[in-house]
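Residue numbers (our numbering), protein chains in the order written: chain A, 3 to 264; chain B, 3 to 264.
Every residue gets a Cβ at the ideal spot worked out from N, C-alpha and C, and that includes glycine.
Since the structure comes first, as structure tokens, the remarks are kept for the end.
Listed below in structure tokens is the structure:
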């Protein structure tokens with residue numbers, strides 16, 4: 003597949019993914035969209051430094067900032083990745099695409115890859131709606147945080163009602179996840195990827211909470227939280243979240259928040 | 003220090019520790035004690051294959067199997083490690099030693115290292131009782147499981163009312179834990195090591211429970227537990243316990259239980 007990718011949502015995760023795609027020789031063009039013009043401008047400038055087609059020539063100063071640009075007839079995007087903060091944002095963007103007139107059939111050659119964490123039931127319904135319009139839809143939640151997103155080393159959990167679509171996107175999976183062991187094709191059709199992510203996320207959430215409880219308990223019991231941090235990271239109580247989030251829990255307050263629920 | 007070590011309790015963890023000590027050139031002799039004659043006999047035979055003094059010549063067939071043997075006047079043990087299943091067993095052995103007449107002062111040169119998981123309050127009281135008798139006492143819980151015990155790669159969390167004792171036992175720590183990053187000297191006196199272990203153990207316990215919940219939820223939601231296991235182990239939901247215990251959770255029933263609470 004001759005891949006011309008657009009990424010809607012180029013914040014912490016999407017921005018990392020879009021930049022990882024810039025490095026792939028299998029991908030022709032990468033365009034980043036966001037409600038923040040600051041983010042799109044920064045990405046546009048970065049994209050121009052590599053030998054990639056990176057502008058669709060729409061919007062002020064040639065910087066594409068509107069979601070609607072993706073579905074203009076002269077946009078050659080054939081892989082559209084959504085990396086939005088929550089399901090409400092995904093609903094808004096998906097509705098916007100679904101309500102577009104598709105007179106020139108340009109949408110028919112598009113595959114939508116949804117990377118946000120959303121309900122499996124919603125993604126299943128939405129998947130069907132796109133398929134009725136002839137648009138392939140991949141339910142593809144991700145894990146790994148901004149650092150692994152930027153490094154192209156995310157874990158991906160992709161499911162689709164048409165498994166051939168998953169196979170055809172292999173260059174995309176390689177660019178996003180790197181090694182095969184990070185690429186998980188979940189059988190059972192659209193929604194099963196999001197189900198796997200939900201199970202994973204429950205674990206991740208429990209680990210964040212119990213990391214905070216453990217470090218607080220240690221401090222209150224007279225232990226040095228930094229020493230406790232080292233002990234746990236080398237012992238059977240270790241978790242990825244304790245190592246990652248625990249480091250920031252024992253830092254002095256005032257650190258920039260890197261992710262949030264809303 | 004010219005170390006002649008006895009290990010009381012040579013099951014999954016203690017047996018591994020005793021065998022790791024056999025490999026240390028800093029330790030003269032290692033004797034393993036257990037209520038199970040099968041375990042002591044196996045260890046005795048293994049110890050004889052290395053160039054170590056490994057019998058005190060007491061007990062039937064030269065195999066020492068009674069805790070009391072450790073405190074006989076002609077026993078040259080100067081480091082006594084307790085690796086018992088629970089606090090009740092530790093109480094029994096410590097009472098037995100504390101109630102011994104010490105006419106020849108042989109106990110005075112002994113350091114007791116308690117590796118079992120016990121209450122910090124109890125270990126603090128017991129530590130004082132030994133110190134009143136002139137016996138050094140180290141509160142030294144461990145983590146890592148039988149495989150790391152045998153490899154001499156445990157995490158240790160040692161605390162003592164006399165910090166010089168901790169320093170003098172350095173060859174023991176190296177033999178049990180290998181690298182410096184596994185050796186944690188916890189300040190604050192006896193009991194603080196057990197406090198650190200308690201915090202660690204809460205995390206480890208939560209991780210075992212939520213691993214089981216996650217794998218069960220995955221199976222009930224129609225996901226393949228083996229694929230879920232792979233996803234989590236490469237993603238931000240990873241924990242040491244999920245990787246270790248999770249592997250056995252998805253095996254067919256009937257696997258041998260390797261540790262138990264009682």
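Going by C-alpha to C-alpha distance, which of A:206, A:78, A:111 and A:124 sits closest to residue 91 (chain A)?
A:124
Run through chain A and tell me which residues come within less than 8 Å of residue 186 (chain B), C-beta to C-beta.
229, 232 and 233
Can you round the beta-carbon distance between residue 156 (chain A) and residue 178 (chain A) to whole angstroms, since I take them to be within the 8 Å contact cut?
5 Å
Who are residue 8 (chain B)'s beta bridge partners in DSSP?
B:33 and B:82
Would residue 146 (chain B) pass as an interface residue toward chain A - the criterion being a Cβ-Cβ separation below 8 Å?
yes
Neighbour list for residue 117 (chain A) in chain B, Cβ cutoff strictly below 9 Å
The contacting residues do not exist; residue 117 (chain A) stays about 14 Å from chain B at best.
Shortest alpha-carbon distance to residue 122 (chain B) belongs to which of B:97, B:198 and B:176?
B:198
Which residues in chain B sit within 9 Å of residue 242 (chain A), going by Cβ to Cβ distance?
Ordered by position in chain B, the residues that pass the 9 Å Cβ test against residue 242 (chain A) are 237, 238, 239, 240 and 241.
Within 10 angstroms of the Cβ of residue 97 (chain B), are there 16 or more other Cβ atoms? Answer buried if so, exposed if not.
exposed
Which bits of chain A does residue 157 (chain B) rub up against, with CB to CB less than 7 Å?
233, 236 and 237
Could you tell me the alpha carbon to alpha carbon distance between residue 215 (chain B) and residue 120 (chain B), rounded to whole angstroms?
The straight-line gap from Cα to Cα measures roughly 27 Å.
In angstroms with no decimal places, state the Cα-to-Cα distance between residue 164 (chain A) and residue 246 (chain B).
35 Å
Of the listed residues B:25, B:11 and B:51, nearest to residue 38 (chain B) (C-alpha basis)
B:11
Relative to the C-alpha of residue 251 (chain B), which candidate in B:192, B:231 and B:9 has its C-alpha closest?
Of B:192, B:231 and B:9, the residue nearest in Cα terms is B:231.
Count the other CB atoms within 10 Å of the CB of residue 27 (chain A); is the residue buried (16 or more) or exposed (fewer)?
The residue in question, residue 27 (chain A), is exposed, as its Cβ has fewer than 16 Cβ neighbours within 10 Å.
Within chain A, the residues that residue 183 (chain B) reaches when beta carbons sit closer than 7 Å:
236
Would DSSP call residue 141 (chain B) helix, strand or coil?
strand
If you reduce the DSSP assignment to three classes, tell me which class residue 252 (chain B) lands in.
coil
Helix or strand or just coil, what does DSSP make of residue 180 (chain B)?
coil
Can you pull out the residues from the segment 114-142 of chain B whose beta carbon lies closer than 9 Å to at least one beta carbon of chain A?
122
Let me know the beta strand (DSSP E) ranges lying completely inside the segment 117-165 of chain A, each 3 residues or longer, listed in chain order.
138-141 and 157-160
Would residue 254 (chain A) be called buried (16 or more neighbouring beta carbons within 10 Å of its own) or exposed?
It counts as exposed.
Using DSSP with H/G/I as helix, E/B as strand and the rest coil, what is residue 99 (chain A)?
helix
Tell me which residue opens and which closes the alpha helix (DSSP H) that residue 209 (chain B) is part of.
194-222
What residues in the segment 206-217 of chain B have a beta carbon less than 7 Å from any beta carbon of chain A?
Residues passing the 7 Å Cβ filter: 206, 208, 209, 212 and 216.
Since residue 115 (chain B) sits in a beta bridge, which residues does DSSP pair it with?
B:83 and B:140
Cβ pair count under 8 Å reaching 3, the segment 175-194 of chain A against the segment 173-190 of chain B
no
Whole angstroms is fine: what's the gap from residue 43 (chain B)'s alpha carbon to residue 20 (chain B)'s?
13 Å
Contacts around residue 144 (chain A), its chain only, beta-carbon distance under 6 Å, and the 5 residues preceding and following it disregarded
Closer than 6 Å at the Cβ level, and outside the excluded window around residue 144 (chain A), lie 117, 156 and 158.
8 Å Cβ cut-off: residues of chain A touching residue 225 (chain B):
188, 190, 194, 197, 198 and 201
How should residue 65 (chain A) be labelled, buried or exposed, when 16 other C-beta atoms within 10 angstroms of its C-beta is the threshold for buried?
Only weak support is given to the placement of residue 65 (chain A): the predicted model assigns it a pLDDT of 49, under 50, and the value that follows is read from those uncertain coordinates. Result: buried.
Are any of the Cβ atoms in chain A nearer than 8 Å to that of residue 49 (chain B)?
Against chain A, the CB of residue 49 (chain B) has no partner CB under 8 Å away; the residue lies outside that interface.
Can you tell me where the beta strand (DSSP E) with residue 185 (chain A) in it begins and where it stops?
185-187
C-alpha distance - residue 213 (chain B) paired with residue 244 (chain B), whole-angstrom precision:
Distance between the alpha carbons of residue 213 (chain B) and residue 244 (chain B): 5 Å.
For residue 168 (chain B), tell me which candidate among B:150, B:225, B:154 and B:138 has the shortest Cα-Cα distance.
Of the listed residues, the one whose Cα sits closest to residue 168 (chain B) is B:138.
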